[in-house]
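Student:
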Amino acid sequence: MKKQAKHLALAFGLVTGIASYGTAALAQDCTTKIGAVLPTSVDWGKPIAATAQYVVDLVNEAGGAAGCKIEMVLRDSQVDPKVGVDAAKALVDLDGVQVLLGAVSSGVSMPILTSVTAPAGVMQMSCCSSSTAFTGLAKDGKTKGLWFRTFATSGVQAAVGAMVARDQGYKSVAIMYKNDDWGQDIGKLIAGDFEALGIKVTASVALNDGQASYRAEVTEALKGQPEALYMALYPKEGTAAVREWLSLGGTQNMIVANSLKSDEFRDNVGLKYLGKLIGTDTASPRSNSASAFVDQYTAHFGKAPSGPGLANSYDATMIALMAMEAAGKGADGAKVASMVSKVTDASGTPVTADVAGFKKAKDVLAGGGSVFYQGATGNVRFDANGDVSAPAVTWGFSDAGNKELSFISLTDVDAFIASLK
Amino acid sequence: MIGLISYLIFFTTVAAILSIAVLGLNLQWGNSGLFNGGVVAFFGAGAYGTLILGGTPQSAHLGGYELFYPLALLGGMCAAGLMAWIVGKLTIRLRHDYLAIATFGVAVAFENLMRNAEALAGGAQGLRGFERPLHAWLGDGFTYNAIFLVFVLILLIATYKFLEVLIRSPFGRLLRAIREDETAAQSLGKDPAKIRLTSLIIGSVIIGLSGGLYATFYAFISPQDILPILTFQIWAMLIVGGAGNNRGAVAGAFLIWGAWTASGWGLSRFAPLEMQLYTGSIQFILIGLVIVGMLLWRPQGLFPEKLVVSQSGRTKHVKNRE
Amino acid sequence: MIQHLVDGILVGSILSLGAIGLTMAMHMLRFANFSHAELLSIGAYCALVFDGVFQAVYAPLGNVIGPLSLTWALALAIVISMAITGGSAILIDRLVFTRVRAKGGELSMVFASFGVAMIIRNVLGLIFGLQVLLYSKDIVFAVVLSRDPFLLVKPDQIFSLVAALIIMFVFHLVLSRTTFGYSLRAVAENPELAQVSGINLSRIITLIWIIGGGLAAAAGVFYGLTNQINPVLGRDLLLPIFAATIVGGIGSIYGAALGGFLVGIASNLALLILPSGYSPAMPFLIILAVLIIRPTGLFGEERH
Chain Y
218 MKKQAKHLAL
228 AFGLVTGIAS
238 YGTAALAQDC
248 TTKIGAVLPT
258 SVDWGKPIAA
268 TAQYVVDLVN
278 EAGGAAGCKI
288 EMVLRDSQVD
298 PKVGVDAAKA
308 LVDLDGVQVL
318 LGAVSSGVSM
328 PILTSVTAPA
338 GVMQMSCCSS
348 STAFTGLAKD
358 GKTKGLWFRT
368 FATSGVQAAV
378 GAMVARDQGY
388 KSVAIMYKND
398 DWGQDIGKLI
408 AGDFEALGIK
418 VTASVALNDG
428 QASYRAEVTE
438 ALKGQPEALY
448 MALYPKEGTA
458 AVREWLSLGG
468 TQNMIVANSL
478 KSDEFRDNVG
488 LKYLGKLIGT
498 DTASPRSNSA
508 SAFVDQYTAH
518 FGKAPSGPGL
528 ANSYDATMIA
538 LMAMEAAGKG
548 ADGAKVASMV
558 SKVTDASGTP
568 VTADVAGFKK
578 AKDVLAGGGS
588 VFYQGATGNV
598 RFDANGDVSA
608 PAVTWGFSDA
618 GNKELSFISL
628 TDVDAFIASL
638 K
Chain C
17 MIGLISYLIF
27 FTTVAAILSI
37 AVLGLNLQWG
47 NSGLFNGGVV
57 AFFGAGAYGT
67 LILGGTPQSA
77 HLGGYELFYP
87 LALLGGMCAA
97 GLMAWIVGKL
107 TIRLRHDYLA
117 IATFGVAVAF
127 ENLMRNAEAL
137 AGGAQGLRGF
147 ERPLHAWLGD
157 GFTYNAIFLV
167 FVLILLIATY
177 KFLEVLIRSP
187 FGRLLRAIRE
197 DETAAQSLGK
207 DPAKIRLTSL
217 IIGSVIIGLS
227 GGLYATFYAF
237 ISPQDILPIL
247 TFQIWAMLIV
257 GGAGNNRGAV
267 AGAFLIWGAW
277 TASGWGLSRF
287 APLEMQLYTG
297 SIQFILIGLV
307 IVGMLLWRPQ
317 GLFPEKLVVS
327 QSGRTKHVKN
337 RE
Chain W
31 MIQHLVDGIL
41 VGSILSLGAI
51 GLTMAMHMLR
61 FANFSHAELL
71 SIGAYCALVF
81 DGVFQAVYAP
91 LGNVIGPLSL
101 TWALALAIVI
111 SMAITGGSAI
121 LIDRLVFTRV
131 RAKGGELSMV
141 FASFGVAMII
151 RNVLGLIFGL
161 QVLLYSKDIV
171 FAVVLSRDPF
181 LLVKPDQIFS
191 LVAALIIMFV
201 FHLVLSRTTF
211 GYSLRAVAEN
221 PELAQVSGIN
231 LSRIITLIWI
241 IGGGLAAAAG
251 VFYGLTNQIN
261 PVLGRDLLLP
271 IFAATIVGGI
281 GSIYGAALGG
291 FLVGIASNLA
301 LLILPSGYSP
311 AMPFLIILAV
321 LIIRPTGLFG
331 EERH
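See the structure below:
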């Protein structure tokens with residue numbers, strides 16, 4: 218009996234000893250989960266998710282955020298709102314995430330915001346949701362300061378597009394836009410901008426997703442023989458439309474939104490026809506940050522970033538993790554959200570968007586200072602509604618991918634927009 | 017623990033809302049043999065109708081009548097019924113596939129209309145600005161979701177009871193008679209087309225109710241919510257659960273929605289990182305296989321139709337139906 | 031407007047090929063096959079694979095034929111693809127549809143076809159990726175056929191139209207001159223009586239799948255040639271092909287051929303009135319119009 222008790226005591230002591238050793242080790246090795254709801258089953262959604270994961274890996278390399286390793290739990294939204302919302306709810310309730318990246322389509326981001334993240338006080342950061350409805354929602358106070366997006370409002374892209382047309386001296390333009398909330402937005406905005414500049418809009422044609430042939434639409438757009446073509450399309454329908462346009466004798470003078478900044482588009486249409494194409498985008502290559510992003514991305518993925526939303530996804534993830542670092546361990550969504558301004562402070566210490574930059578940010582924040590994140594989409598600053606406006610660039614295609622043509626600062630963009638009123 | 021309960025409440029609410037749609041489809045298909053290839057159109061009519069009638073005024077589009085919620089919900093249901101009446105009138109006398117194709121087309125056209133008609137329904141941006149009923153008193157969180165779940169469950173049970181009564185009623189007997197032997201029914205002076213049309217409309221109104229509740233729960237609707245995939249999901253729920261059996265319909269809804277969400281959760285948790293990016297396609301293939309497999313193995317569903325005895329009394333020769 | 035008419039005819043030829051196969055299946059096998067359009071996708075991808083294989087094996091096959099973007103390799107690949115797609119159609123029927131019908135009945139097959147379509151689409155997406163693929167990157171410019179009225183056509187489209195017409199003509203000859211053609215029409219008219227005269231019904235059904243699959247493959251390749259290839263190629267053509275079938279009347283092969291052209295023309299002309307955003311709804315409106323005016327279509331017959 219006594220011997221048994223002794224054995225038990227020994228065993229007990231051993232177990233507690235090992236356990237306490239384990240917990241002591243665990244205290245340094247914690248993991249904080251963040252959630253991501255992205256359309257991984259769509260072709261342009263996969264790279265966006267891969268980019269976010271890449272950023273998480275970089276941050277972990279820099280020692281994690283707020284003392285813990287970061288684990289990104291990725292769920293597919295399937296571009297289906299109820300699936301996306303359920304995934305977000307599971308991430309918030311079951312995985313306990315306080316930060317959610319997502320989604321891409323506004324139709325998915327919105328119900329997630331209204332029925333999951335805002336009620337639960339979880340911060341939501343979207344790389345790519347473009348609907349102006351979010352601005353309205355924020356103005357109504359419904360987002361509780363929890364919503365951010367690194368996607369510059371379409372007003373800037375449209376204005377810069379109009380600016381390009383003016384500078385190139387085009388007198389008439391046809392517009393082809395994707396028939397979703399983003400495309401409808403830009404289509405309307407740029408049509409208004411063109412009119413304000415005295416440029417004739419010969420046609421404004423909506424291209425629906427998943428249509429068998431765009432020939433009729435292209436024929437429609439060709440009417441009135443416009444001097445140039447403006448496109449707010451994604452690579453899939455953009456390729457089809459442009460090939461049709463060119464083969465029907467349409468002009469090579471093209472202005473496109475950043476959605477067509479894609480190698481796939483360039484290859485499928487052919488560089489020889491894209492010489493006169495000028496694209497718009499929001500970025501700030503004046504700082505090293507944007508080119509650093511491209512270099513890093515190319516080094517890691519083996520090819521240059523091409524396709525919509527990648528730079529935005531990069532910045533969304535990086536800013537979210539930096540804010541988590543600033544908020545400290547175990548912070549809740551509201552606290553992290555309140556720290557976003559601290560890491561995108563124009564008067565703060567500039568940091569680059571890589572491992573070194575993150576480490577520097579850690580030091581600065583630990584010392585009580587604030588940080589100015591220089592991201593892949595430029596010097597990101599959010600307004601009160603979680604929107605960003607940014608300076609703009611124009612770009613063109615080159616053998617290596619794409620090249621910057623000109624840079625338009627934020628002040629110039631704002632001035633131009635004001636002049637259009 | 018509280019997280020799990022919160023999630024389960026959320027999940028159950030959505031599953032219950034979808035169950036109502038499956039019950040509506042069961043009336044059309046299971047009881048009346050009508051192939052509704054465009055469930056999502058009636059769902060959408062209910063959803064958009066409810067939000068347009070019950071939403072707060074928005075400058076971008078019409079609506080915002082801020083109608084008393086039950087009225088808004090009823091309005092959505094009526095919109096769905098009206099749509100069913102139009103489609104039904106045109107196709108009910110033709111061969112069955114015509115209805116399938118026509119309803120499929122209605123769904124495509126309806127989504128297209130909602131996507132383009134910005135003045136009517138907000139276009140691709142969708143309809144927001146809907147205040148959930150009693151939101152001002154109950155807030156937004158756990159309590160509200162729990163109470164809303166109870167509300168949905170009450171409606172689910174009411175719909176279930178209504179349908180159970182309906183199929184035991186003379187009308188239900190008529191439906192079964194027409195389904196089993198139309199010529200015989202006609203010889204007795206019944207008008208099969210009219211009865212099928214009635215069944216189509218009632219079923220669509222129920223599907224519209226489901227749509228209205230869905231839009232209420234998310235306080236938002238957009239063309240993204242009314243894509244053809246929803247038709248497929250509702251059908252899958254009915255086939256797996258058991259066509260012709262209301263209990264099966266509800267069970268199928270919970271099973272399929274549970275499988276859909278669980279497979280997403282499972283793939284994200286257990287699939288290796290490189291595979292994560294392909295999980296979407298894999299999930300669709302798995303679900304397609306489940307459906308086809310179900311139809312090959314047990315087409316009557318997990319809960320097959322039970323012989324309904326409408327008259328209590330002597331039923332000596334009750335045959336078990338397969 | 032003439033341009034729209036011509037465009038409609040060119041697009042319509044592709045729809046016609048798809049609709050012929052579908053109308054045979056719907057009439058003979060009595061179910062609306064929502065996965066028929068996926069056969070077009072299979073055909074297009076199959077031809078893409080063999081185009082690459084042939085070019086790799088014997089380089090000069092990569093030369094284009096005349097002013098088209100069609101290579102000799104692709105021309106050969108079309109034939110192979112038709113055979114393989116026909117084979118896939120039979121395989122799917124044996125694996126799924128025959129069995130589902132035996133167990134569940136006709137309308138269960140409709141739903142099974144939904145599931146099959148979803149599987150095919152996503153398997154193609156997994157194998158080939160979700161991005162756009164092309165037979166040839168070169169853009170072949172349209173030729174100005176006439177100045178007044180201004181008329182542009184792409185050589186590839188002329189080729190598609192001519193090839194489609196040839197295929198339909200050959201099929202017409204088969205139907206009207208060969209024993210097989212007679213058997214097919216007999217079975218369409220009255221299956222029981224046809225069997226009494228010694229026609230092997232299951233053999234005819236197999237042949238229907240092969241022909242339907244083959245025609246669909248050709249349609250898919252022609253579509254890929256004049257537009258692009260992606261996994262949702264079939265899904266996007268589903269409603270227009272259904273519309274063509276209904277316009278022509280279910281069961282009428284000539285009706286389906288004509289229906290394809292009519293749907294193509296109507297869809298193109300519609301853009302003169304409706305804003306372009308409404309294009310996807312056009313086939314449905316056509317179906318609605320047919321159902322109101324003449325439900326059995328042009329050449330179909332009342333059948334329950």
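Protein chains in written order, with the working numbering: chain Y, 218 to 638; chain C, 17 to 338; chain W, 31 to 334.
Even glycine gets a Cβ: it sits at the ideal position worked out from N, Cα and C.
In three-state DSSP terms, what is Y:T473?
Tutor: Counting from one through the first sequence, the residue named residue 473 of chain Y turns up at place 256. The residue asked about is misnamed: residue 473 of chain Y is Val in this sequence, not Thr. Strand at Y:V473.
Student: Y:K388: buried (16+ other C-beta within 10 angstroms of its C-beta) or exposed?
Tutor: Translated into positions along the first sequence, residue 388 of chain Y becomes position 171. Per the 10 Å Cβ criterion, exposed.
Student: So what's C:L143 in DSSP terms, helix, strand or just coil?
Tutor: The residue you call residue 143 of chain C lines up with position 127 of the second sequence. Reduced to three states, the DSSP call for C:L143 is strand.
Student: List the endpoints of the continuous beta strand (DSSP E) containing Y:Y590.
Tutor: The residue you call residue 590 of chain Y lines up with position 373 of the first sequence. Counting along the chain, the beta strand (DSSP E) containing Y:Y590 begins and ends at 588-592.
Student: For Y:M448, which option in Y:G441, Y:K440, Y:Q442, Y:V435 has the closest C-alpha, if you only look at C-alpha atoms?
Tutor: Here the question's residue 448 of chain Y lines up with position 231 in the first sequence. It is Y:V435 whose Cα lies nearest to the Cα of Y:M448.
Student: Would you mind stating whether C:L106 and W:L321 have Cβ atoms separated by less than 8 Å?
Tutor: Stepping through the second sequence from its first residue, residue 106 of chain C is reached at position 90. Stepping through the third sequence from its first residue, residue 321 of chain W is reached at position 291. Going by C-beta atoms, C:L106 is nearer than 8 Å to W:L321.
Student: For W:H66, return the contacting residues in chain Y, with the cut-off set at a CB-CB distance below 9 Å.
Tutor: To locate residue 66 of chain W, count along the third sequence from 1; it is residue 36. Chain Y residues near W:H66: none, gap ~15 Å exceeds 9 Å.
Student: State the DSSP-derived secondary structure class of Y:G358, mapped to helix, strand or coil.
Tutor: Your numbering for residue 358 of chain Y matches position 141 in the first sequence. DSSP places Y:G358 in coil when its eight states are reduced to three.
Student: Suppose you measure from the CA of Y:N529 to the CA of Y:L317; what does that come to, to the nearest Å?
Tutor: As a working note, residue 529 of chain Y is residue 312 in the first sequence. As a working note, residue 317 of chain Y is residue 100 in the first sequence. For Y:N529 and Y:L317, the distance between alpha carbons rounds to 15 Å.
Student: Please compile the residues from chain Y whose C-beta is within a distance smaller than 9 Å of the C-beta of W:F171.
Tutor: Along the third sequence, read from residue 1 onward, the residue named residue 171 of chain W stands at position 141. The contacting residues are L463, S464, L465, G466.
Student: Considering only residues of the stretch 383-434 of chain Y, which uninterrupted beta strand (DSSP E) runs meet the minimum length of 3 residues and lie entirely inside it, listed in chain order?
Tutor: For the stretch 383-434 of chain Y, whole beta strand (DSSP E) runs of length 3 or above, ordered along the chain, are 389-395, 417-424.
Student: Is the CB-CB distance between C:Q240 and Y:V302 below 8 Å?
Tutor: Within the second sequence, residue 240 of chain C is the residue found at index 224, counting from 1. Within the first sequence, residue 302 of chain Y is the residue found at index 85, counting from 1. No, these two residues do not count as a Cβ contact at 8 Å.
Student: May I ask you to list, following chain order, the residues of the stretch 130-145 of chain W that have a beta carbon less than 9 Å from some beta carbon of chain C?
Tutor: Cβ contacts with chain C: V130, K133, G134, G135, E136, L137, S138, M139, V140, F141, A142, F144, G145.
Student: Determine whether the Cβ of C:F84 lies closer than 8 Å to any Cβ atom of chain Y.
Tutor: As a first step, residue 84 of chain C must be located in the second sequence, where it is residue number 68. No, C:F84 lies away from the interface with chain Y (no Cβ there is under 8 Å from its Cβ).
Student: Let me confirm a value: C:W251 is counted as buried when at least 16 other C-beta atoms fall within 10 Å, else exposed. Which label applies?
Tutor: On the second sequence, position 235 is the one that residue 251 of chain C refers to. The residue is buried, with at least 16 neighbouring Cβ atoms inside 10 Å.
Student: Run through DSSP, which three-state label would W:R207 get?
Tutor: Sequence index remark: in the third sequence, residue 207 of chain W carries index 177 (1-based). If DSSP states are grouped into helix, strand and coil, W:R207 belongs with the helices.
Student: Give the single residue among C:S220, C:I217, C:L191, C:V221 whose Cα lies nearest to the Cα of C:D207.
Tutor: The sequence position of residue 207 of chain C within the second sequence is 191, counting from 1. With distances taken between Cα atoms, C:D207 lies closest to C:L191.
Student: If the cut is a Cβ gap below 7 Å, which residues of chain C does Y:S348 touch?
Tutor: Translated into positions along the first sequence, residue 348 of chain Y becomes position 131. Those within 7 Å of Y:S348 in chain C are Q141.
Student: If we count the other Cβ atoms within 10 Å of its Cβ and call it buried at 16 or more, is C:R144 buried or exposed?
Tutor: The count along the second sequence starts at 1 and reaches residue 144 of chain C at position 128. By the neighbour-count rule (16 or more Cβ atoms within 10 Å), C:R144 is buried.
Student: The beta strand (DSSP E) that contains Y:P567, what's its start and end?
Tutor: By one-based count along the first sequence, residue 567 of chain Y stands at place 350. It spans 566-568 - the beta strand (DSSP E) in which Y:P567 sits, taken as one unbroken run.
Student: Quickly, what does DSSP pair Y:F365 with across the bridge? List them, please.
Tutor: Within the first sequence, residue 365 of chain Y is the residue found at index 148, counting from 1. Looking at the DSSP assignment, Y:F365 forms a beta bridge with Y:M342.
Student: Under 8 Å by Cβ, that's how I've got Y:L312 and Y:G252 pegged, so tell me the actual separation to the nearest angstrom.
Tutor: The sequence position of residue 312 of chain Y within the first sequence is 95, counting from 1. The sequence position of residue 252 of chain Y within the first sequence is 35, counting from 1. In the sequence as presented, Leu is not what sits at residue 312 of chain Y; that position holds Asp. With 8 Å as the limit, Y:D312 and Y:G252 qualify as a contact, their Cβ atoms being about 6 Å apart.
Student: Looking at C-alpha atoms only, which residue of Y:A375, Y:A350, Y:F368 is the closest neighbour of Y:D631?
Tutor: Along the first sequence, read from residue 1 onward, the residue named residue 631 of chain Y stands at position 414. Minimum Cα distance to Y:D631 is reached at Y:A375.
Student: Go ahead and pull the three-state DSSP assignment for Y:A244.
Tutor: Along the first sequence, one-based indexing puts residue 244 of chain Y at 27. Here Y:A244 scores only 38 on pLDDT, less than 50, and its place in the model should not be relied on; the value that follows carries that caveat. Helix.
Student: Compute the minimum distance between the beta carbon of W:I241 and the heavy atoms of the ligand NAD, and state whether it is under 7 Å.
Tutor: Among the components of this structure there are no ligands whatsoever, and the ligand NAD is therefore not found.
Student: Smallest Cα separation from C:A57: which of C:G227, C:L179, C:G258?
Tutor: On the second sequence, residue 57 of chain C is found 41 positions in, with the first residue counted as 1. Among C:G227, C:L179, C:G258, the Cα nearest to that of C:A57 belongs to C:G227.
Student: Could you tell me which chain C residues have their CB closer than 7 Å to the CB of W:G228, listed as they occur along the chain?
Tutor: Locating residue 228 of chain W in the third sequence gives position 198, where the first residue counts as 1. None at all; the shortest Cβ gap to chain C is about 29 Å.
Student: Reducing DSSP to helix, strand and coil, say where Y:S347 ends up.
Tutor: For the purposes of this step, residue 347 of chain Y is taken as residue 130 along the first sequence, with counting starting at 1. Note: Y:S347 maps to coil in three-state DSSP.
Student: Counting contacts by CB-CB distance shorter than 8 Å, is C:I217 in contact with chain W?
Tutor: Taking the second sequence and counting its residues from 1, one reaches residue 217 of chain C at position 201. Output row for C:I217: interface = no.
Student: By DSSP's criteria, C:Y176 is part of a beta bridge. Which residues make up the other side?
Tutor: Residue 176 of chain C sits at position 160 when you count from the first residue of the second sequence. According to DSSP, which records beta bridges pairwise, C:Y176 is partnered with nothing at all.
Student: Report the option in W:A273, W:S71, W:A194 whose CA atom is closest to the CA atom of C:F120.
Tutor: In the second sequence, the residue the question calls residue 120 of chain C occupies position 104. For C:F120, the nearest C-alpha among the options comes from W:A273.
Student: Going along chain B in order, which residues have a C-beta closer than 9 Å to the C-beta of Y:N470?
Tutor: Going by chain labels, chain B is absent from the structure shown, which instead holds the protein chains Y, C and W.
Student: For a contact defined as C-beta to C-beta under 9 Å, what are the partners of Y:T436 on chain W?
Tutor: For the purposes of this step, residue 436 of chain Y is identified with residue 219 of the first sequence, where counting begins at 1. Those are Q33, H34, D37, L182, N298, L301, listed as they occur along chain W.
Student: What did DSSP end up calling C:E134 once you bin it into helix, strand or coil?
Tutor: In the second sequence, the residue the question calls residue 134 of chain C occupies position 118. DSSP places C:E134 in helix when its eight states are reduced to three.
Student: Quick check on the DSSP output: the beta strand (DSSP E) that includes C:Y230 runs from which residue to which?
Tutor: Numbered from 1 along the second sequence, position 214 holds the residue referred to as residue 230 of chain C. From DSSP, C:Y230 is part of no beta strand (DSSP E) but of the alpha helix (DSSP H) over 208-234.
Student: Could you work out which residues of chain Y lie near C:A235, taking near to mean beta carbons separated by less than 8 Å?
Tutor: Sequence index remark: in the second sequence, residue 235 of chain C carries index 219 (1-based). The answer, in chain order, is P328, T331, S332.
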